[in-house]
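Counting from 96, one number per residue, gives the positions in the sequence shown under my numbering. In what follows, a structure is listed as structure tokens, so that the remarks can point back to it.
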Amino acid sequence: MNSFFKNIGLYDYLNFNIKTDKSEFLESLKKITYETNTSFISLTPDHGIPTRFEYRGLINKDTFILKRKKHFFDITIFNSIIKGNITEENDKTVIKIEFTPFIYPFIFSIIGILLFTFIGLQEIGNENYFLIGISILITISQYFILKRSLKRDKYNFERELNFIVQKSYQFKSYQ
């Protein structure tokens, strides 16, 4: 599926190097992540998660899968999936992160667009091409919404990682 997302431009990645221990980084990441299943469809809705958590997902010893939690007046429709691998090399922690779109709302929107197109094709007999134009416009706008969502989530997660690293350096200087 990642190759499909790469081909259509809905895939982004980030390599992040920090000088902290892997275990310290994992503990810092666990502090902002609510533990939930990897399908992100759980019995706990986003508004039921405590406010101190910014992400939901799973964090293992070497990998993590996260998704940003929706807030009350948050207008973002699609939050991307953040997958990462954590390794240690030469006293540095190397984090390789991939950003892909959340597939379930994307599938439902594509089904809706196909249904809208089918209705439009039925109306071609009446020479009403307006519905087909609307479905094409909706498809193109969905693509750009997903692309913007990936960029925004990459920026937010990179900012969160910088904050974690800065906070760990700050605590090391006090010891």
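Backbone N, C-alpha and C fix where the C-beta goes; we use that ideal spot for every residue, glycine too.
- Cα atoms of residue 129 and residue 151: separation of roughly 5 Å, rounded to the nearest angstrom.
- Three or more beta-carbon pairs separated by less than 8 Å are not found between the region 203-216 and the region 181-191, which leaves the two stretches without contact.
- Under the three-state reduction of DSSP, residue 238 is assigned to helix.
- Residue 173 places its beta carbon 7 Å or farther from that of residue 107.
- In the assembly as shown, residue 167 is an exposed residue. Its beta-carbon has fewer than 16 other beta-carbons within 10 Å.
- Taking 3 residues as the shortest admissible run, the region 107-182 contains the following complete beta strand (DSSP E) segments, listed from N- to C-terminal end: 107-113, 128-130, 150-154 and 158-163.
- Nearest Cα to residue 164 within the set 225, 175, 254 and 104: 175.
- Sorting 145, 116 and 180 by C-alpha distance to the C-alpha of residue 259 places 116 at the top.
- In this chain, the beta strand (DSSP E) harbouring residue 194 covers 187-195.
- Residue burial is scored here from C-beta neighbours: residue 230 has at least 16 other C-beta atoms within 10 angstroms and is therefore classed as buried.
- Annotated as proximal: residue 111 and residue 256, with beta-carbon spacing under 7 Å.
- A straight line joining the alpha-carbon of residue 236 with that of residue 146 spans about 31 Å.
- Rounded to the nearest angstrom, the Cβ distance from residue 105 to residue 196 is 5 Å, consistent with a contact under 8 Å.
- Taking a 10 Å sphere around the C-beta of residue 210, we find fewer than 16 other C-beta atoms and assign the residue as exposed.
- With fewer than 16 neighbouring CB atoms inside 10 Å of its own CB, residue 213 falls in the exposed class.
- By the criterion of a C-beta distance shorter than 8 Å, residue 242 is surrounded in its chain by 104 and 105, once the five residues flanking it on both sides are discounted.
- When C-alpha distances from residue 191 are compared across 159, 198 and 261, the shortest belongs to 159.
- The criterion of a C-beta distance shorter than 7 Å is satisfied by residue 127 and residue 149.
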